[in-house]
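Worksheet: one structure, shown below.
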Amino acid sequence: MVASTSAKDKDEWTSPFTPERIDSRVAGKTLEEINDQFPTVSEIRNVIPAHCFDRSLFWSFFYLVLDLLQGIFVWYITRHVIGLSSDAPSSPIWTWQWCLWRTAWNVYAVVMGFAVSGLWVLAHECSHGAFSKYPVLNGAVGLALHTFLCVPHFSWQFSHAKHHRRTNDLVDGESHVPATHDEMGLTKKVGTKEQYKRLSPESVKAKISVFSNQGPMGFLSNPMYDHALKHQTLGDTGFAVFMMLSRLLLGWQLFLFGISSNGKLGADQEPIANTEFPDHFRPSSRLFPSGMRWKVILSDVGVLVNVCLQVYFSWCYSWQAVWMWYWGPYVVVHAVVVTVTWLHHTHESVPNFDREQWSWMKTNIATTIDRPGYWWLNHCTHDINTTHLVHHIFPEIPHYRAMEATKAVRAYLEPKELYNYDPTDFCLALWKVCKTCHFVDSDKNGVQYFKKLSDVPCLAAEVDAGKKDS
């Protein structure tokens, strides 16, 4: 079974998609011969029960109401049973009363964040037409749900569709696009193909200053140039913690503003310069074609309505009340979204492709990972952690039929060793990604696998080695 391929136990899962199977240059085969290993869309569709493609308004609205009721229940218990107040206790900061109050609000943020994460999933289904067979209804429900979650619905729908079209494309992919070695603050040793050394602090400062001099936002053009040095300073574990917290707390916002994790080509298929930001808010953003103008504006209006309501409630109650009741869960919801989507396509043994080696079916099967998840996580996120391959090939299948479809597809693909299922504990899998998936060599050199900074010698070690050689 593929789940145990090249693994001593479930914590050492390895993808079956090695370079010898999927890289034509390593395998000594043509691209056509490599791609012929993979089934066609119709062959996979034929193994899925036909009713899995049926979209039911009853069940879609049932889960919408269920998710709303979950959120209302958490709010009611917090506000009317526990009686938690957004006003801080009168006792001084860091007393046990203040710490208890702060802890209670953090617990509320986590519980509410998970309780309403399903609303994000349903908005996502609307963007794929899986909520119903009526495009106008899908657009209206998706816009309403994403507006509540402060997400520019149609703008994100466009970039997410690009992610589905160009999954794990190192140049034209979208969301969680790997950094190359030079973007991470590394350079290659002279005369070597994949032996790296870290840039000195002076070189990093020089690189950052070049972009900083190109405009007020230039310093944000590549926020990862200092990561190799940061890894050396923090150590392997410290850097993994930094990577996890920065992605989970800021990754979603950086992606929306076009600062990190975005594709490298604009809608016109021309490269996006380092000092350009393919954000989700400007109709003129390089992310969008001209035909998206009014959808981007409508998305912005939705976000603006959300912001205005927050200002109004801040005026009626207090900014602290809005922060506690709304922004705490907001952070958790998007941390969940980032984590799940990050783990869907990221593992040190899962490939990424340059434009020459990329093909749609091969890439979707080879780079998509289904994971078990926890029962409460699967409940709150409608099983998206476990059914992602089916979703990538047939995004129109609604979540309440995706488990059945996944069982059928897994039974078909797994005996052929064409299925990624990582049984590793969800939190452990996230930790391993933070420790091992840091950069790829290049975005132009065939099939690429993640490399880790711990394999790159520290600057001091290189200096000491040089002294010994001399």
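In terms of the working numbering, the sequence shown is residues 30 to 499. Glycine residues also receive a C-beta, built at the ideal position from the N, C-alpha and C atoms.
- Of the residues 421, 412, 375, 283, the one whose Cα lies closest to the Cα of residue 389 is 421.
- Annotated as distal: residue 85 and residue 260, with beta-carbon spacing of 9 Å or more.
- In the structure shown, residue 484 adopts helical secondary structure according to DSSP, grouped into three states.
- Residue 188 and residue 152 have their alpha carbons spaced roughly 14 Å apart.
- Classified as buried, residue 181 has 16 or more neighbouring CB atoms from the shown chains inside 10 Å of its CB.
- Given a length threshold of 4 residues, each whole run of the alpha helix (DSSP H) inside the segment 324-407 is given here in chain order: 348-351, 357-373, 389-396.
- Between residue 310 and residue 297, the C-beta gap is not smaller than 9 Å, which leaves the two residues out of contact.
- Using a 10 angstroms sphere on the CB of residue 162, the tally of other CB atoms stays under 16, which defines it as exposed.
- Pairing residue 327 with residue 183 gives a Cβ-Cβ distance under 9 Å.
- Excluding its 5 nearest sequence neighbours in each direction, residue 285 has C-beta neighbours in its own chain below 6 Å: 309, listed in chain order.
- Within the segment 179-218, the complete beta strand (DSSP E) segments at least 3 residues long are 215-217, listed from N- to C-terminus.
- Shown here, residue 464 sits in a helix according to DSSP, grouped into three states.
- Around residue 335, the same chain offers 176, 179 as residues with beta carbons nearer than 6 Å, after the five sequence neighbours per side are excluded.
- For the 9 Å CB-CB criterion, residue 475 and residue 54 form a contact.
- Where residue 436 is concerned, there is no enclosing beta strand (DSSP E), although the alpha helix (DSSP H) around it starts and stops at 428-442.
- Bounds of any beta strand (DSSP E) do not take in residue 276; it lies within the alpha helix (DSSP H) bounded by 256-285.
- CA-to-CA, the gap between residue 473 and residue 124 works out to about 56 Å.
- Annotation: the continuous beta strand (DSSP E) that includes residue 225 extends over 225-227.
- Ranked by Cα distance from residue 479, the options 402, 205, 444, 186 are led by 205.
- Annotation for residue 164: 158 place their beta carbon closer than 8 Å to its own, counting only its chain and skipping 5 residues before and after.
- Non-local C-beta neighbours of residue 118 in its own chain, meaning closer than 6 Å and more than five positions away in sequence, comprise 126, 127, 130, ordered along the chain.
- Distances from the alpha-carbon of residue 91 to those of 468, 471, 465, 411 put 411 closest.
- Membership of residue 96 in the alpha helix (DSSP H) is indicated by the continuous run 86-105.
- Annotation for residue 310: no alpha helix (DSSP H) segment contains it, and DSSP assigns it neither H nor E.
- Rounded to the nearest whole angstrom, the CA to CA distance from residue 322 to residue 302 is 22 Å.
- Residue 139 and residue 449 have their alpha carbons spaced roughly 30 Å apart.
- Inter-segment contact for the segment 354-371 and the segment 270-286 is present: three or more beta-carbon pairs are separated by less than 8 Å.
- If you look at residue 146, you'll find it in the alpha helix (DSSP H) that goes 146-157.
- A straight line joining the alpha-carbon of residue 170 with that of residue 290 spans about 27 Å.
- Per DSSP, residue 77 lies in no alpha helix (DSSP H) and is assigned neither H nor E.
- Contact between residue 137 and residue 113 holds: CB atoms are separated by about 7 Å, below the 8 Å threshold.
- The beta carbon of residue 295 is closer than 6 Å to those of 301, 315 in its chain, skipping five residues each way along the sequence.
- Between residue 404 and residue 461, the alpha-carbon positions lie close to 21 Å from each other.
- Counting only residues of its own chain and dropping the five nearest sequence neighbours on each side, residue 191 has a CB closer than 6 Å to the CB of 203.
- Residue 212 has its alpha-carbon roughly 6 Å from the corresponding atom of residue 254.
- With distances taken between CA atoms, residue 43 lies nearest to 453 out of 453, 470, 95.
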